[in-house]
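S.K.:
Numbering (the working numbering), first residue to last: 61 to 393.
1) Please give me, in chain order, every unbroken run of the alpha helix (DSSP H) with length at least 4 that falls completely inside the stretch 188-253.
2) Could you pull out every residue in the same chain whose Cβ sits closer than 7 Å to the Cβ of residue 224, ignoring the five residues on either side in sequence?
3) When the distance is taken between beta carbons, is residue 171 closer than 9 Å to residue 212?
4) Are residue 149 and residue 349 touching if we call contact CB-CB under 9 Å?
5) In whole angstroms, give me the CA-to-CA distance for residue 204 and residue 185.
6) Just tell me which of 387, 256, 134 has its CA closest to the CA of residue 147.
7) Please tell me whether residue 289 and residue 359 are closer than 9 Å, where the distance is taken between their beta carbons.
8) Grab me the residues of residue 299's own chain with a C-beta within less than 6 Å of its C-beta, minus the 5 sequence neighbours each way, in chain order.
9) In this structure, does DSSP put residue 137 in helix, strand or coil?
10) Kindly indicate which residue of 164, 214, 293, 220 has the alpha-carbon position closest to the one of residue 371.
11) Within 10 Å of its beta-carbon, does residue 75 have 16 or more other beta-carbons around it, so buried, or fewer, so exposed?
12) Where does residue 302 fall in DSSP's three states?
13) Is it true that the CB of residue 63 sits closer than 9 Å to the CB of residue 365?
14) In chain order, what residues of the same chain have a beta carbon less than 6 Å from the beta carbon of residue 88, not counting five sequence neighbours either side?
15) From which residue to which residue does the alpha helix (DSSP H) around residue 183 run?
16) Hey, how far is the Cα of residue 379 from the Cα of residue 194?
17) Out of curiosity, what's the CA-to-CA distance linking residue 175 and residue 136?
18) Using the rule of at least 16 other Cβ atoms within 10 Å of the residue's Cβ for burial, across every protein chain shown, is residue 177 buried or exposed?
19) Enumerate in chain order the residues of its own chain whose CB-to-CB distance from residue 336 is below 7 Å, with the five nearest sequence positions on each side excluded.
20) How is residue 336 classed by DSSP in three states: helix, strand or coil?
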């Protein structure tokens with residue numbers, strides 16, 4: 061029922077996104093609000109922690125704004141680039157639920173903010189397939205990707221994905237590579253200049269601490285419900301990636317060409333998650349939100365072609381709800 065509703069052409073469904081996000085983040089006001097951190101792995105994480113420590117609702121309000129804005133923006137990206145033949149709103153639902161569930165695993169506000177910039181950057185990069193002059197799009201795309209990488213340094217790998225995406229979409233033009241690389245570097249040039257003029261050069265490193273924690277130790281210490289969320293998420297991706305690579309006959313040629321580029325961004329984002337786990341000792345899937353939403357959104361939107369998709373969707377949705385409830389201290393069987 062819910063899957064069918066959000067795959068219909070009803071724009072008013074987006075009104076439910078702020079309500080669902082508020083409901084999911086309500087427990088953070090009195091239970092999960094941050095009280096400050098002894099250390100932060102990245103500068104933006106420290107900024108977010110300092111900002112939220114002075115707010116009456118903790119990080120609940122900033123998280124709500126970032127979740128809602130991210131859900132609406134990803135859904136717009138999904139429909140604009142025709143990953144499904146007709147407009148659907150399942151990506152907004154997936155992003156909202158996944159972001160609330162994934163952010164329980166660790167500090168995530170800086171990653172949610174970075175995701176907004178990443179979506180904007182990917183949007184500009186994907187627009188170039190039909191345009192004769194693309195330097196403006198590449199500059200804007202590279203700039204937003206660079207800004208996202210500034211907030212979440214493991215996203216520096218997206219610079220490589222950006223160049224590979226350019227090579228996939230268009231014939232070689234050295235100006236396009238040069239402009240996109242320069243734009244990607246602009247936020248970091250601003251960052252260095254601000255630190256220099258404020259005599260804060262000791263904070264120039266984007267990575268401030270490394271935790272030498274065995275990767276499997278965090279998994280072994282996680283609870284059963286979190287593992288179920290991970291399992292359903294992995295199953296969703298396992299079936300979603302082939303659907304993204306081999307769309308139905310109704311898919312446009314543009315969607316077919318862009319699917320490969322977006323899959324490239326997925327693997328680079330996965331590498332960023334692994335890099336973040338190596339640096340912090342925590343597997344935070346928030347960095348995988350954008351490609352996860354688009355890939356699974358394509359599969360779930362085609363649920364009529366797969367009897368298995370609805371079962372996985374509702375299993376994933378239920379596991380996320382129970383996991384968030386468990387983190388909030390709500391008892392359940």
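Note that CB positions come from ideal geometry on N, CA and C, so glycine has one too.
In this text, all values refer to a predicted model and were calculated from it rather than measured experimentally.
M.R.: A quick look at the data gives this:
1) 195-211, 218-229
2) 324
3) Taking 9 Å as the cut-off, the Cβ atoms of residue 212 and residue 171 count as close.
4) no
5) 10 Å
6) 134
7) no
8) 359
9) helix
10) 293
11) exposed
12) helix
13) no
14) 120
15) First-last of the alpha helix (DSSP H) with residue 183: 169-186.
16) 43 Å
17) 14 Å
18) Counting Cβ neighbours within 10 Å, residue 177 comes out buried, since at least 16 surround it.
19) 214, 344, 347
20) In the structure shown, residue 336 sits in a helix (DSSP, three-state: H, G or I).
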